[in-house]
Amino acid sequence: MHHVYNIISYVFHPLFIPFGGTVMYFLVAPYSTLQTESGNILPIFILTVIIPIIFFLILKNLGLISSIFLPKLQERKYPLYISCIIFLMILYKVIPNNYVNELFFYFTGLLTATSATLILLFFKFKTSMHLLGMGSILTFMVALSIHFEVNITLAISLFVLFTGLVATSRLYLKAHSRNELLIGFILGCCSQLIILKYWL
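Set out below in structure tokens:
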């Protein structure tokens, strides 16, 4: 079971959540064009997946982090700073060139949640980024379903199941306490719920 939960932790790593939400948007949005998709998906993939992996390798070689799961409290500040900068770049450089209102607020929510996690870090609280990511994308999916009046109940149900599996895996691997998982999920959900009034 240890290997299974490790695989779940890798597959649903928070690194993939921004890109996952972007792909989900274009799968659900009825009026997306090829130009808009290519103008957003590729830059967002490079900025949120490729660049963080490069930074991870650099930080690991410098001895500042030990694992992609950032087990120690002090290891988390550098990746969180980098995430905030990347989200700002997406909000100010990528999305305005191919403006997608829903995606803009999705990344605004992610930036808000990441900033809140960084603040909690200064109070010595290790928030679960896995559950933060799952809460964010799950709330975004529900909002997209309502916004576009598209029935994606099956996809939402699957993500509820995946969220439970991720939470179970993090507990089993002793990566987080229940409070850390709960706060992460609440931050992810609330950061998206707060900005819903601007686009839903």
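Using numbering that gives the first Met the number 0, the first residue of the sequence shown is number 0, and each one after it goes up by one.
Beta carbons are placed, not taken as given, at the ideal position from N, Cα and C, and that holds for glycine.
For this session: Using the Cα positions of Trp198 and Phe104, report the straight-line distance between them to the nearest angstrom.
Result: Translated into positions along the sequence shown, residue 198 becomes position 199. Translated into positions along the sequence shown, residue 104 becomes position 105. Roughly 8 angstroms separates the two Cα atoms.
Exercise. What are the boundary residues of the alpha helix (DSSP H) that includes Tyr105?
Worked result: Indexing the sequence shown from 1 puts residue 105 at position 106. Here the alpha helix (DSSP H) through Tyr105 covers 100–121.
Problem set entry | Arg75, DSSP secondary structure in three states | As a first step, residue 75 must be located in the sequence shown, where it is residue number 76. Here Arg75 sits in coil by DSSP.
Problem set entry | Three-state class that DSSP yields for Glu148 in the structure shown | For the purposes of this step, residue 148 is identified with residue 149 of the sequence shown, where counting begins at 1. Note: Glu148 maps to coil in three-state DSSP.
For this session: Express the C-alpha separation of Leu192 and Asn60 in angstroms, rounding to a whole number.
Result: The sequence position of residue 60 within the sequence shown is 61, counting from 1. The sequence position of residue 192 within the sequence shown is 193, counting from 1. Going by the C-alpha atoms only, they are around 38 angstroms apart.
Exercise. Where Ser65 and Ala28 are concerned, what is the direct C-alpha to C-alpha distance, given to the nearest angstrom?
Worked result: The count along the sequence shown starts at 1 and reaches residue 65 at position 66. The count along the sequence shown starts at 1 and reaches residue 28 at position 29. Answer to the nearest angstrom: the Cα atoms are 39 angstroms apart.
Problem set entry | Of the residues Ile89, Phe54, Phe106, Val22, the one placed nearest Cys188, counting alpha carbons only | As a first step, residue 188 must be located in the sequence shown, where it is residue number 189. The residue with the shortest Cα to Cα distance from Cys188 is Phe106.
Exercise. Helix, strand or coil for Leu26 per DSSP?
Worked result: Walking along the sequence shown from the start, residue 26 turns up at place 27. Correct three-state label for Leu26: helix.
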